[in-house]
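Remarks on the structure that follows.
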Amino acid sequence: MAELRKKILELIKSTHVLVYSKSNCPFCDRVKLLFKKMLIDATYVELDKSDNGAAVQNALKEITKMDTVPNVFVNGDHIGGCNKTLESFSNGNLSKMILAGQKRLDPTITDHKYDYDVIVIGGGSGGLSCSKELGALGARVCCLDYVKPSPHGTTWGLGGTCVNVGCIPKKLMHQGALLGIL
Numbered sequence: 709m710a711e712l713r714k715k716i717l718e719l720i721k722s723t724h725v726l727v728y729s730k731s732n733c734p735f736c737d738r739v740k741l742l743f744k745k746m747l748i749d750a751t752y753v754e755l756d757k758s759d760n761g762a763a764v765q766n767a768l769k770e771i772t773k774m775d776t777v778p779n780v781f782v783n784g785d786h787i788g789g790c791n792k793t794l795e796s797f798s799n800g801n802l803s804k805m806i807l808a809g810q811k812r813l814d815p816t817i818t819d820h821k822y823d824y825d826v827i828v829i830g831g832g833s834g835g836l837s838c839s840k841e842l843g844a845l846g847a848r849v850c851c852l853d854y855v856k857p858s859p860h861g862t863t864w865g866l867g868g869t870c871v872n873v874g875c876i877p878k879k880l881m882h883q884g885a886l887l888g889i890l
């Protein structure tokens with residue numbers, strides 16, 4: 709058991725993002741999807757597909773005081789399970805930890821001094837959808853749009869005809885009517 713514990717600790721220390729997981733666990737799937745959306749090349753150890761998976765899980769319990777999966781580590785630090793990982797993502801700590809690890813791996817990565825990570829040109833359906841998804845991934849997004857509204861004297865925020873008076877409002881009204889909200 710001591711040898712296995714030593715191997716696990718070495719793997720935790722040497723791996724940028726490490727997830728101990730089970731292939732049939734919905735909570736593990738949520739964490740995997742998060743890292744996939746973040747474009748993070750995490751290392752996954754599937755305990756239910758490993759010959760010594762039960763022994764590894766017991767050793768992890770000694771190390772982390774956690775007997776469930778997923779068991780997530782970033783830069784050698786224990787994050788926790790699914791809820792702690794999602795919470796860490798939501799408050800921005802996960803992205804900061806991953807960036808700090810990437811800086812150690814690649815010294816050419818530096819903090820930029822820009823106000824935004826991404827500038828999206830166009831506030832239509834695609835631009836707003838892109839901006840929303842990037843924002844959910846922790847990016848600082850600027851959405852640029854110029855709209856000359858079709859009805860004289862009206863003012864719109866972001867978005868053209870489709871967003872303000874076309875497809876999207878029509879779909880909302882239709883869905884609201886189907887649900888009996890309107």
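The opening residue of the sequence shown carries number 709 in this note's numbering; numbering runs sequentially from there.
Heads up, the beta-carbon is just placed ideally off N, CA and C, and yes, glycines get one too.
Just so you know, these numbers come straight off a predicted model, no measurement behind them.
The Cβ neighbour count for A750, taken over all protein chains shown within 10 Å, is at least 16; the residue is labelled buried. No Cβ-Cβ contact shorter than 8 Å links P778 with V849. In the three-state reduction of the DSSP assignment, G884 falls in the helix class. Within the same chain, Cβ atoms closer than 7 Å to the Cβ of I806 are found at V725, I748, V782, the five residues on either side in sequence being excluded. Measuring C-alpha to C-alpha distances from N791 to each of K740, E711, L768, K715 identifies K740 as the nearest. Between K730 and E754 a beta carbon distance of about 6 Å is seen, short of the 8 Å cut, so the two are scored as contacting.
In this structure, I771 is the residue among D737, I771, C733, M746 with its C-alpha nearest to the C-alpha of L719. DSSP assignment within the segment 751 to 836 yields the following whole beta strand (DSSP E) runs of 3 residues or more, N-terminal first: 751 to 754, 779 to 782, 785 to 788, 826 to 829. With respect to the 8 Å criterion, L852 and I829 are classified as neighbours on the basis of their beta carbons. For the pair E795 and D823, the Cα-to-Cα distance works out to about 24 Å. Assignment of L845 by DSSP, reduced to helix, strand and coil, places it in the coil class. L717 carries a helical assignment under DSSP once its states are collapsed to helix, strand and coil.
Beta-bridge annotation (DSSP): S839 is not paired with any residue. Between the C-alpha atoms of L845 and M774 there is a straight-line separation of about 27 Å. Contact annotation, A763 with L712: C-beta distance approximately 6 Å; criterion of less than 8 Å satisfied.
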